[in-house]
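A short write-up of the structure that comes next.
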Amino acid sequence: MDRRRVRDVRAGARRGDARDDRRRAAPAPARAPHHAGGGRVRSPLLALAAAACATLALLQFAGAGEGSPPRGGSPARAGAAASATSSEAAAGHALFVSSCAACHGLDANGIYGRGPDLHGVGALAADFYLQTGRMPLPSPRAQPLRATPALPQAQIRALVAYVASLGGPPVPVVQPRRGSLARGQQLFALDCAGCHTIQGQGGIVTGAIAPSLGPATPTQLAEAIRIGPYVMPRFSSGELSDSDVDSIARYVQSTNHPEDRGGWGIGRIGPIPEGMVAWLLAIFALLLIVRLIGERAGP
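First residue of the sequence shown: 308, per the working numbering; consecutive thereafter.
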């Protein structure tokens with residue numbers, strides 16, 4: 308029995324050694340290659356598909372960034388504009404305290420008998436009065452007449468920005484080319500010619516002077532229509548629409564270089580009847596004729 312066990316043990320050992328030799332001789336299974344990132348590439352088709360998807364995603368992202376910009380502009384530009392406006396308004400407030408507070412008060416609430424409250428008048432009123440030189444007034448009771456602006460443009464912009472920060476309408480945008488010349492003449496004849504004359508040369512009304520509209524820009528015309536400075540009536544957008552204002556501005560521009568269809572324009576010096584000029588010329592001609600006849604019929 309002992310000898311059989313020894314033989315069995317030796318035979319099993321030889322079979323185990325043979326198995327080990329076969330295992331050593333057998334080739335190792337091939338492993339998938341590793342790329343630089345450490346992940347396995349399971350299939351060339353999958354890698355190609357992944358690359359295509361990534362490229363498509365990048366193209367869509369770039370197209371969305373270029374084709375559909377935000378409506379309000381880039382945040383950086385919007386922030387810069389807001390910062391510039393706030394700094395301009397701050398400079399305008401300092402200028403207001405030194406130059407305007409004597410009549411309008413330190414907080415722009417107005418002073419009774421000297422200057423009105425400026426809250427709610429907006430950039431529209433401030434731009435009109437400063438750009439046309441009607442402010443500052445020499446006296447609180449004086450009529451604001453057109454003059455050379457008393458301040459440089461940088462200070463005017465600062466004051467307008469400050470008054471605009473108190474609330475109110477902005478400076479209007481006027482486009483005379485979009486207006487109708489015939490419509491503008493009709494509206495001007497109905498609402499404006501009674502004081503400014505049909506040619507916009509100005510005139511005299513009770514207690515005031517209606518200025519000539521020749522030097523006025525389209526923006527200033529629109530501002531005056533919405534404000535109603537001094538004794539001029541104020542026209543809301545319900546009475547005169549923005550389109551009507553464009554038409555009036557176009558007509559007023561046409562009066563700066565009118566066509567003298569009747570011949571001599573008499574210098575367009577204002578509301579002087581042409582008949583009176585004709586009579587004066589006729590009387591002078593008659594006197595000249597009488598003088599010539601008298602000399603010929605001498606003694």
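Even for Gly, the Cβ is constructed at its ideal location relative to N, Cα and C.
Bear in mind the structure is a predicted one, so any value in this text is a computation, not a measurement.
Per DSSP, residue i is paired with what?
i, result
"residue 422", "418"
"residue 510", "517"
Rounded to whole angstroms, what's the CA-CA distance from residue i to residue j? Just pull it up for me.
i, j, result
"residue 587", "residue 511", "24 angstroms"
"residue 419", "residue 451", "18 angstroms"
"residue 534", "residue 517", "15 angstroms"
"residue 403", "residue 469", "8 angstroms"
"residue 537", "residue 423", "12 angstroms"
"residue 562", "residue 434", "24 angstroms"
"residue 417", "residue 460", "24 angstroms"
"residue 396", "residue 465", "6 angstroms"
"residue 500", "residue 410", "33 angstroms"
"residue 527", "residue 549", "14 angstroms"
"residue 480", "residue 532", "13 angstroms"
"residue 514", "residue 449", "11 angstroms"
"residue 413", "residue 405", "9 angstroms"
"residue 408", "residue 591", "59 angstroms"
"residue 415", "residue 547", "30 angstroms"
"residue 601", "residue 589", "18 angstroms"
"residue 583", "residue 543", "39 angstroms"
"residue 455", "residue 439", "7 angstroms"
"residue 551", "residue 566", "23 angstroms"
"residue 445", "residue 392", "30 angstroms"
"residue 594", "residue 523", "44 angstroms"
"residue 585", "residue 426", "54 angstroms"
"residue 394", "residue 458", "19 angstroms"
"residue 497", "residue 462", "38 angstroms"
"residue 505", "residue 453", "20 angstroms"
"residue 597", "residue 564", "40 angstroms"
"residue 545", "residue 441", "27 angstroms"
"residue 560", "residue 599", "47 angstroms"
"residue 509", "residue 493", "18 angstroms"
How about residue i and residue j: do their beta carbons lie closer than 8 angstroms?
i, j, result
"residue 503", "residue 520", "yes"
"residue 443", "residue 421", "no"
"residue 558", "residue 495", "yes"
"residue 529", "residue 486", "no"
"residue 483", "residue 525", "yes"
"residue 491", "residue 554", "yes"
Within 8 angstroms (strictly less), CB to CB, does residue i reach chain D?
i, result
"residue 424", "The structure shown contains no chain D, having only a single protein chain."
The ligand COA and residue i: does any heavy atom of the ligand fall closer than 7 angstroms to the residue's C-beta?
i, result
"residue 499", "Summarising the ligand content, the structure contains no ligands, and the ligand COA is consequently not present."
Handout entry: the region 468-475 contacting the region 430-443, beta-carbon criterion three pairs below 8 angstroms
Key = Counting Cβ pairs under 8 angstroms, three or more are found: they touch.
Practice task
Report yes or no: do the region 395-413 and the region 457-471 share at least 3 C-beta pairs separated by less than 8 angstroms?
Solution key: Result yes; three or more Cβ-Cβ pairs closer than 8 angstroms.
Problem - Every unbroken alpha helix (DSSP H) within the region 454-506, with a cutoff of 4 residues, ordered by chain - result: Runs found: 460-472, 488-498 and 500-503.
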